Amino acid sequence: MPYTVQGVVARGKGEPVSLETVHVPDPGPGEAVVTVQACGVCHTDLHYREGGINDDFPFLLGHEAAGVVEAVGEGVTDVAPGDYVILNWRAVCGDCRACRRGRPWYCFNTHNATQRMTLADGTPLSPALGIGAFIEKTLVAAGQCTKVNPAAPATVAGLLGCGVMAGIGAAINTGGVTRGDSVAVIGCGGVGGAAVHGSWLAGATKIIAVDVDDRKLAWAKDFGATHTVNSRTTDAVEAIREITDGNGADVVIEAVGRPETYKQAFYARDLAGTVVLVGVPTPEMTVELPLLDVFGRGGALKSSWYGDCLPSRDFPMLIDLYLQGRLNLEGFVSETVGLGDVEEAFAKMQRGEVLRSVVVL
(Lines of atoms letter the chains of each structure in order from A; the text may use other names.)
(Lines give C-alpha, C1' and ligand atoms only; values in the text may rest on other atoms or scores of the structure.)
Protein backbone atom coordinates (compact mmCIF):
# COMPACT_ATOMS: atom_id res chain seq x y z
CA MET A 1 0.00 0.00 0.00
CA PRO A 2 1.22 3.59 -0.58
CA TYR A 3 3.15 5.33 2.18
CA THR A 4 2.54 8.71 3.82
CA VAL A 5 5.77 10.08 5.26
CA GLN A 6 7.64 13.30 6.09
CA GLY A 7 10.16 14.81 3.69
CA VAL A 8 12.19 18.00 3.20
CA VAL A 9 10.88 20.10 0.30
CA ALA A 10 12.13 23.24 -1.47
CA ARG A 11 9.02 24.98 -2.78
CA GLY A 12 10.61 27.97 -4.50
CA LYS A 13 13.94 29.51 -5.48
CA GLY A 14 15.86 30.67 -2.43
CA GLU A 15 13.01 29.90 -0.03
CA PRO A 16 13.78 28.10 3.24
CA VAL A 17 13.05 24.40 3.02
CA SER A 18 10.06 22.94 4.84
CA LEU A 19 9.13 19.58 6.33
CA GLU A 20 6.09 18.34 4.39
CA THR A 21 3.78 15.35 4.18
CA VAL A 22 4.68 13.29 1.11
CA HIS A 23 2.83 10.43 -0.55
CA VAL A 24 5.07 7.64 -1.83
CA PRO A 25 3.40 5.16 -4.22
CA ASP A 26 3.89 1.43 -4.21
CA PRO A 27 6.83 0.51 -6.45
CA GLY A 28 5.94 -0.18 -10.07
CA PRO A 29 7.89 -2.31 -12.56
CA GLY A 30 11.60 -1.79 -12.11
CA GLU A 31 11.17 0.36 -9.00
CA ALA A 32 11.93 0.04 -5.28
CA VAL A 33 10.86 1.79 -2.09
CA VAL A 34 13.74 2.30 0.35
CA THR A 35 13.50 3.16 4.04
CA VAL A 36 16.14 5.85 4.42
CA GLN A 37 18.35 5.53 7.50
CA ALA A 38 20.74 8.44 6.90
CA CYS A 39 21.41 11.07 4.23
CA GLY A 40 24.28 13.52 3.88
CA VAL A 41 23.64 17.22 3.27
CA CYS A 42 25.43 17.87 -0.03
CA HIS A 43 26.08 21.20 -1.74
CA THR A 44 24.10 19.93 -4.73
CA ASP A 45 20.95 20.00 -2.58
CA LEU A 46 21.61 23.68 -1.91
CA HIS A 47 22.05 24.22 -5.67
CA TYR A 48 18.57 22.75 -6.14
CA ARG A 49 17.08 25.04 -3.50
CA GLU A 50 18.73 28.06 -5.12
CA GLY A 51 17.45 27.14 -8.60
CA GLY A 52 20.98 26.42 -9.80
CA ILE A 53 20.06 23.07 -11.39
CA ASN A 54 16.69 23.83 -12.96
CA ASP A 55 13.39 25.43 -11.98
CA ASP A 56 11.27 22.28 -11.69
CA PHE A 57 10.02 23.19 -8.20
CA PRO A 58 8.97 21.83 -5.76
CA PHE A 59 12.02 19.66 -5.12
CA LEU A 60 12.27 16.76 -2.70
CA LEU A 61 15.84 17.26 -1.52
CA GLY A 62 18.51 14.77 -0.42
CA HIS A 63 20.40 12.16 -2.41
CA GLU A 64 23.48 10.99 -0.47
CA ALA A 65 21.80 8.14 1.39
CA ALA A 66 21.79 4.59 2.67
CA GLY A 67 18.93 2.47 3.95
CA VAL A 68 16.99 -0.75 3.63
CA VAL A 69 14.80 -1.88 0.73
CA GLU A 70 11.16 -1.90 1.86
CA ALA A 71 9.46 -3.20 -1.28
CA VAL A 72 10.21 -3.86 -4.95
CA GLY A 73 8.10 -3.78 -8.09
CA GLU A 74 7.52 -6.27 -10.86
CA GLY A 75 10.61 -7.59 -12.62
CA VAL A 76 13.13 -6.52 -9.97
CA THR A 77 15.65 -9.27 -9.27
CA ASP A 78 18.88 -7.54 -8.21
CA VAL A 79 17.56 -6.33 -4.84
CA ALA A 80 14.92 -7.62 -2.45
CA PRO A 81 13.14 -6.37 0.68
CA GLY A 82 15.56 -6.31 3.60
CA ASP A 83 18.67 -5.58 1.50
CA TYR A 84 20.94 -2.85 2.87
CA VAL A 85 21.77 -0.42 0.07
CA ILE A 86 23.49 2.81 -0.86
CA LEU A 87 21.46 4.92 -3.28
CA ASN A 88 23.16 6.08 -6.46
CA TRP A 89 22.08 8.63 -9.05
CA ARG A 90 23.56 6.85 -12.09
CA ALA A 91 21.65 3.60 -12.54
CA VAL A 92 23.21 2.43 -15.79
CA CYS A 93 20.96 1.28 -18.61
CA GLY A 94 23.23 -1.40 -20.09
CA ASP A 95 22.14 -0.58 -23.64
CA CYS A 96 23.34 2.91 -24.64
CA ARG A 97 26.45 3.40 -26.76
CA ALA A 98 28.66 3.96 -23.67
CA CYS A 99 27.40 0.81 -21.96
CA ARG A 100 27.78 -1.25 -25.15
CA ARG A 101 31.39 -0.06 -25.46
CA GLY A 102 32.17 -1.30 -21.96
CA ARG A 103 32.18 2.16 -20.36
CA PRO A 104 29.02 2.09 -18.25
CA TRP A 105 30.31 4.86 -15.96
CA TYR A 106 29.57 7.18 -18.90
CA CYS A 107 26.02 5.82 -19.34
CA PHE A 108 23.92 8.29 -21.34
CA ASN A 109 20.53 6.89 -20.30
CA THR A 110 20.55 6.35 -16.55
CA HIS A 111 17.31 5.21 -14.91
CA ASN A 112 15.05 6.92 -12.38
CA ALA A 113 11.67 5.91 -11.00
CA THR A 114 8.83 6.37 -13.47
CA GLN A 115 6.18 7.26 -10.91
CA ARG A 116 6.24 10.54 -9.01
CA MET A 117 6.09 11.13 -5.29
CA THR A 118 3.64 13.93 -4.43
CA LEU A 119 2.71 16.44 -1.79
CA ALA A 120 -0.51 15.87 0.16
CA ASP A 121 -2.44 17.99 -2.35
CA GLY A 122 -1.22 15.86 -5.26
CA THR A 123 1.50 18.24 -6.49
CA PRO A 124 4.26 16.14 -8.11
CA LEU A 125 7.71 16.43 -6.56
CA SER A 126 11.04 16.54 -8.41
CA PRO A 127 13.47 14.35 -6.44
CA ALA A 128 17.02 15.69 -6.24
CA LEU A 129 19.25 13.74 -8.62
CA GLY A 130 16.35 11.34 -9.15
CA ILE A 131 16.51 10.20 -5.51
CA GLY A 132 14.96 12.58 -2.95
CA ALA A 133 16.25 11.12 0.31
CA PHE A 134 15.56 13.71 3.01
CA ILE A 135 12.50 11.58 3.67
CA GLU A 136 11.50 8.54 5.70
CA LYS A 137 10.89 6.39 2.60
CA THR A 138 11.73 7.17 -1.02
CA LEU A 139 10.86 5.72 -4.43
CA VAL A 140 13.73 5.04 -6.83
CA ALA A 141 14.59 2.88 -9.81
CA ALA A 142 15.79 -0.48 -8.51
CA GLY A 143 19.10 0.06 -10.32
CA GLN A 144 19.72 3.03 -8.03
CA CYS A 145 20.06 0.60 -5.11
CA THR A 146 23.54 -0.85 -4.61
CA LYS A 147 23.85 -3.64 -2.04
CA VAL A 148 26.72 -3.32 0.43
CA ASN A 149 27.86 -4.94 3.67
CA PRO A 150 25.37 -3.90 6.42
CA ALA A 151 28.20 -3.77 8.97
CA ALA A 152 28.92 -0.21 7.78
CA PRO A 153 26.59 2.29 9.51
CA ALA A 154 24.33 4.33 7.24
CA THR A 155 25.76 7.61 8.56
CA VAL A 156 29.01 6.88 6.70
CA ALA A 157 27.90 4.46 3.99
CA GLY A 158 25.51 6.99 2.47
CA LEU A 159 28.35 9.46 1.83
CA LEU A 160 29.58 7.18 -0.95
CA GLY A 161 26.35 7.98 -2.77
CA CYS A 162 27.73 11.32 -3.94
CA GLY A 163 30.47 13.56 -2.51
CA VAL A 164 33.00 11.08 -1.18
CA MET A 165 32.65 8.87 -4.26
CA ALA A 166 33.03 11.90 -6.53
CA GLY A 167 36.29 12.90 -4.85
CA ILE A 168 37.85 9.45 -4.52
CA GLY A 169 36.81 8.61 -8.07
CA ALA A 170 38.21 11.89 -9.44
CA ALA A 171 41.61 10.84 -8.10
CA ILE A 172 41.61 7.12 -8.83
CA ASN A 173 39.20 6.57 -11.72
CA THR A 174 39.50 9.82 -13.68
CA GLY A 175 42.95 11.06 -12.71
CA GLY A 176 44.54 7.62 -12.64
CA VAL A 177 46.56 8.51 -9.54
CA THR A 178 48.96 5.71 -8.69
CA ARG A 179 52.01 4.89 -6.56
CA GLY A 180 54.66 7.58 -6.51
CA ASP A 181 52.55 10.32 -8.12
CA SER A 182 52.42 13.91 -6.99
CA VAL A 183 48.90 15.30 -6.66
CA ALA A 184 47.50 18.74 -5.93
CA VAL A 185 43.87 19.22 -4.89
CA ILE A 186 42.43 22.72 -5.20
CA GLY A 187 39.40 23.15 -2.92
CA CYS A 188 39.30 20.92 0.13
CA GLY A 189 35.66 20.69 1.14
CA GLY A 190 33.91 17.32 1.14
CA VAL A 191 34.73 16.40 -2.47
CA GLY A 192 38.24 17.82 -2.39
CA GLY A 193 38.96 16.13 0.94
CA ALA A 194 37.83 12.86 -0.59
CA ALA A 195 40.17 13.46 -3.56
CA VAL A 196 43.01 13.91 -1.09
CA HIS A 197 42.04 10.67 0.66
CA GLY A 198 41.70 8.83 -2.66
CA SER A 199 45.18 9.97 -3.66
CA TRP A 200 46.51 8.71 -0.35
CA LEU A 201 44.76 5.37 -0.88
CA ALA A 202 46.33 5.10 -4.33
CA GLY A 203 49.85 5.60 -2.96
CA ALA A 204 50.67 9.15 -4.07
CA THR A 205 53.83 10.38 -2.37
CA LYS A 206 53.20 14.13 -2.48
CA ILE A 207 49.63 15.27 -1.86
CA ILE A 208 49.24 19.04 -1.83
CA ALA A 209 46.00 20.47 -0.44
CA VAL A 210 45.07 24.00 -1.55
CA ASP A 211 42.31 26.11 -0.01
CA VAL A 212 41.63 29.56 1.42
CA ASP A 213 40.37 28.15 4.74
CA ASP A 214 42.87 26.83 7.28
CA ARG A 215 40.16 24.61 8.82
CA LYS A 216 39.73 22.75 5.56
CA LEU A 217 43.48 22.44 5.15
CA ALA A 218 43.67 20.87 8.62
CA TRP A 219 40.94 18.40 7.62
CA ALA A 220 42.88 17.60 4.44
CA LYS A 221 45.94 16.67 6.50
CA ASP A 222 43.78 14.18 8.39
CA PHE A 223 42.90 12.60 5.03
CA GLY A 224 46.51 12.23 3.92
CA ALA A 225 47.74 15.59 2.60
CA THR A 226 51.52 15.88 2.92
CA HIS A 227 51.58 19.63 2.21
CA THR A 228 49.06 22.45 2.56
CA VAL A 229 48.85 25.80 0.79
CA ASN A 230 46.57 28.66 1.81
CA SER A 231 46.00 30.35 -1.55
CA ARG A 232 44.56 33.44 0.13
CA THR A 233 48.10 34.38 1.18
CA THR A 234 50.31 32.29 -1.14
CA ASP A 235 50.48 31.89 -4.93
CA ALA A 236 49.12 28.36 -5.32
CA VAL A 237 50.81 27.65 -8.66
CA GLU A 238 54.23 28.74 -7.45
CA ALA A 239 53.82 26.80 -4.20
CA ILE A 240 52.83 23.59 -6.01
CA ARG A 241 55.81 23.97 -8.36
CA GLU A 242 58.20 24.55 -5.47
CA ILE A 243 56.95 21.45 -3.62
CA THR A 244 57.34 19.34 -6.80
CA ASP A 245 60.94 20.40 -7.54
CA GLY A 246 59.86 23.04 -10.02
CA ASN A 247 57.89 20.65 -12.23
CA GLY A 248 54.26 20.87 -11.19
CA ALA A 249 52.08 17.98 -10.02
CA ASP A 250 51.42 14.85 -12.04
CA VAL A 251 47.69 15.22 -11.36
CA VAL A 252 45.86 18.40 -10.31
CA ILE A 253 42.25 18.02 -9.18
CA GLU A 254 40.06 21.12 -9.26
CA ALA A 255 37.23 20.67 -6.75
CA VAL A 256 35.87 24.24 -6.74
CA GLY A 257 34.36 24.69 -10.19
CA ARG A 258 35.52 28.25 -10.92
CA PRO A 259 37.50 29.66 -13.89
CA GLU A 260 40.26 31.14 -11.74
CA THR A 261 40.93 27.91 -9.86
CA TYR A 262 40.74 25.91 -13.10
CA LYS A 263 43.51 28.13 -14.51
CA GLN A 264 45.54 27.48 -11.37
CA ALA A 265 45.09 23.75 -11.94
CA PHE A 266 46.12 24.06 -15.58
CA TYR A 267 49.36 25.88 -14.83
CA ALA A 268 50.19 23.91 -11.67
CA ARG A 269 50.48 20.55 -13.48
CA ASP A 270 53.66 19.00 -14.81
CA LEU A 271 54.27 18.82 -18.55
CA ALA A 272 52.05 16.03 -19.88
CA GLY A 273 50.27 16.02 -16.52
CA THR A 274 46.53 15.64 -15.97
CA VAL A 275 43.95 18.19 -14.87
CA VAL A 276 40.69 16.80 -13.46
CA LEU A 277 37.66 19.09 -13.06
CA VAL A 278 35.29 17.67 -10.44
CA GLY A 279 34.02 20.99 -9.04
CA VAL A 280 30.68 21.91 -10.60
CA PRO A 281 30.60 25.28 -12.43
CA THR A 282 27.51 27.37 -13.00
CA PRO A 283 26.10 27.82 -16.53
CA GLU A 284 27.42 31.35 -17.12
CA MET A 285 31.07 30.54 -16.31
CA THR A 286 33.68 30.51 -19.07
CA VAL A 287 37.44 29.95 -19.12
CA GLU A 288 39.98 31.34 -21.59
CA LEU A 289 43.43 29.80 -22.11
CA PRO A 290 46.10 30.47 -24.74
CA LEU A 291 45.70 27.68 -27.26
CA LEU A 292 49.48 27.47 -27.60
CA ASP A 293 49.71 26.68 -23.88
CA VAL A 294 47.11 23.94 -24.26
CA PHE A 295 49.12 22.48 -27.15
CA GLY A 296 52.56 23.02 -25.67
CA ARG A 297 51.89 21.49 -22.26
CA GLY A 298 50.42 18.24 -23.58
CA GLY A 299 48.81 15.89 -21.11
CA ALA A 300 45.10 15.63 -20.48
CA LEU A 301 42.24 17.91 -19.43
CA LYS A 302 39.44 15.79 -18.00
CA SER A 303 36.05 16.21 -16.38
CA SER A 304 34.98 13.76 -13.70
CA TRP A 305 31.28 12.84 -13.60
CA TYR A 306 30.42 11.24 -10.23
CA GLY A 307 34.07 10.20 -9.98
CA ASP A 308 33.55 8.12 -13.15
CA CYS A 309 32.26 5.47 -10.78
CA LEU A 310 30.38 2.27 -11.44
CA PRO A 311 28.33 1.91 -8.24
CA SER A 312 28.03 -1.89 -8.45
CA ARG A 313 31.83 -2.12 -8.60
CA ASP A 314 32.99 0.79 -6.44
CA PHE A 315 30.53 1.03 -3.54
CA PRO A 316 31.08 -2.52 -2.18
CA MET A 317 34.86 -2.19 -2.64
CA LEU A 318 35.03 1.09 -0.73
CA ILE A 319 32.80 -0.23 2.05
CA ASP A 320 35.18 -3.19 2.38
CA LEU A 321 38.11 -0.76 2.66
CA TYR A 322 36.20 1.14 5.35
CA LEU A 323 35.54 -2.06 7.32
CA GLN A 324 39.24 -2.92 7.06
CA GLY A 325 40.11 0.43 8.64
CA ARG A 326 41.73 1.77 5.47
CA LEU A 327 39.09 4.33 4.47
CA ASN A 328 38.30 7.12 6.93
CA LEU A 329 34.63 7.74 6.22
CA GLU A 330 33.97 8.92 9.79
CA GLY A 331 36.31 11.82 9.17
CA PHE A 332 33.82 13.35 6.75
CA VAL A 333 30.94 13.42 9.25
CA SER A 334 30.98 16.72 11.11
CA GLU A 335 27.61 16.28 12.82
CA THR A 336 24.38 14.30 12.76
CA VAL A 337 21.07 16.15 12.61
CA GLY A 338 17.35 15.51 12.19
CA LEU A 339 15.04 16.07 9.22
CA GLY A 340 13.99 19.41 10.63
CA ASP A 341 17.56 20.71 10.76
CA VAL A 342 18.40 20.78 7.03
CA GLU A 343 18.07 24.56 6.64
CA GLU A 344 20.56 25.19 9.44
CA ALA A 345 22.85 22.51 7.96
CA PHE A 346 22.83 24.49 4.69
CA ALA A 347 23.86 27.62 6.60
CA LYS A 348 26.74 25.80 8.32
CA MET A 349 27.88 24.43 4.97
CA GLN A 350 27.86 27.92 3.42
CA ARG A 351 29.91 29.23 6.35
CA GLY A 352 32.47 26.45 5.87
CA GLU A 353 31.91 25.07 9.37
CA VAL A 354 31.28 21.45 8.32
CA LEU A 355 32.46 18.87 5.84
CA ARG A 356 29.17 16.99 6.06
CA SER A 357 26.10 17.25 8.19
CA VAL A 358 24.29 13.91 8.06
CA VAL A 359 20.53 13.62 8.56
CA VAL A 360 19.67 10.56 10.65
CA LEU A 361 16.16 9.15 10.41
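For the record, in the sequence shown the residue sitting at position 270 is 270 according to the UniProt record's numbering, with numbers rising by one throughout. Note that the Cβ used here is the ideal one computed from N, Cα and C, for glycine as well. Quantities reported herein were computed from a predicted structural model and do not represent experimental measurements.
Among residues of its own chain, excluding the 5 on either side of residue i, which ones have a beta-carbon nearer than 6 Å to its beta-carbon?
i: serine 199; result: Ala171, Val177, Val183, Ile207
i: lysine 13; result: Gly51
i: alanine 91; result: Thr110, His111, Ala141, Gly143, Gln144
i: phenylalanine 346; result: Leu46
i: phenylalanine 315; result: Ile86, Thr146, Val148, Leu160
i: alanine 300; result: Thr274
i: cysteine 42; result: Glu64, Cys162, Gly163
i: glutamate 288; result: none
Sort out for me which residues DSSP pairs residue i with in a bridge.
i: leucine 119; result: Val22
i: glutamine 6; result: Thr21
i: alanine 80; result: For alanine 80, which the question treats as bridged, DSSP gives no partner whatsoever.
i: lysine 302; result: Val276
i: cysteine 39; result: Ala65, Val359
i: alanine 184; result: Ile208, Val252
i: valine 33; result: Ala71, Leu139
Within the 8 Å Cβ cut-off, does residue i reach chain C?
i: alanine 71; result: Protein chain content of the structure displayed is limited to a single chain, and chain C is not contained in it.
Identify which residue in the options has its Cα closest to the Cα of residue i.
i: glycine 193; options: Ala225, Asp56, Thr138, Gln144; result: Ala225
i: cysteine 128; options: Gly14, Glu64, His197; result: One point to set straight first is that residue 128 is alanine, not cysteine, in the sequence displayed. It is Glu64.
i: glutamate 242; options: Arg232, Tyr267, Ala218, Glu254; result: Tyr267
i: valine 294; options: Tyr262, Met317, Pro311, Cys145; result: Tyr262
i: glutamate 15; options: Arg49, Gly7, Gly30, Glu31; result: Arg49
i: glycine 248; options: His227, Leu160, Gly273, Leu292; result: Gly273
i: arginine 179; options: Leu201, Leu339, Arg116; result: Leu201
i: valine 185; options: Ala10, Asp250, Glu20; result: Asp250
i: residue 379; options: Gly296, Glu136, Val196; result: Past the boundaries of the shown model lies residue 379; the chain is included only from 1 to 361, so the question cannot be answered.
i: threonine 4; options: Thr228, Val354, Gly122; result: Gly122
i: arginine 351; options: Gly246, Lys216, Met285, Asp181; result: Lys216
i: aspartate 78; options: Cys188, Pro29, His227; result: Pro29
i: glycine 75; options: Phe108, Asn173, Gly331, Glu31; result: Glu31
i: tryptophan 105; options: Ala204, Ser312, Leu271, Glu343; result: Ser312
i: valine 360; options: Ala113, Gly158, Gln115; result: Gly158
i: glycine 257; options: Asp270, Asp245, Gly246, Thr286; result: Thr286
Looking only at its chain, what residues have a beta carbon closer than 7 Å to the beta carbon of residue i, apart from the 5 residues adjacent to it on each side?
i: valine 333; result: Thr155, Val156, Arg356, Val358
i: glycine 67; result: Val34, Thr35, Val36, Gln37, Val85, Ala154
i: valine 212; result: Asn230, Ser231, Arg232
i: alanine 219; result: Before going further, note that residue 219 is tryptophan rather than alanine in the sequence given. The answer, listed in chain order, is Cys188, Gly193, Leu355.
i: alanine 151; result: Leu323
i: threonine 336; result: Thr155, Val358, Val360
How about residue i: is its Cβ closer than 7 Å to a heavy atom in the ligand ATP?
i: glycine 279; result: The ligand ATP is not part of this structure, which contains no ligands at all.
If I measure Cβ to Cβ from residue i and keep anything under 8 Å in the same chain, skipping five residues before and after, which residues do I get?
i: leucine 119; result: Val9, Glu20, Thr21, Val22, His23, Pro58, Leu125
i: glutamine 6; result: Leu19, Glu20, Thr21, Val22, Ile135, Glu136, Leu339
i: methionine 1; result: Asp26
i: isoleucine 240; result: Ala184, Ile208, Val210, Val229, Gly248, Ala249, Val252, Ala268
Three-pair Cβ contact test at 8 Å for the region 272-283 versus the region 225-242: no
Continuous alpha helix (DSSP H) assignments of at least 4 residues falling wholly in the region 199-243: 214-222, 236-243
At least 3 beta-carbon pairs within less than 8 Å: the region 311-328 vs the region 19-32: no
Contact between the region 85-95 and the region 135-143 (3+ Cβ pairs under 8 Å): Counting C-beta pairs closer than 8 Å gives three or more between the region 85-95 and the region 135-143, which meets the contact rule.
Meets three-Cβ-pair contact criterion under 8 Å: the region 296-316 and the region 160-170: yes
Complete alpha helix (DSSP H) runs within the region 99-157 (minimum length 4 residues, chain order): List check, alpha helix (DSSP H) in window: 154-157.
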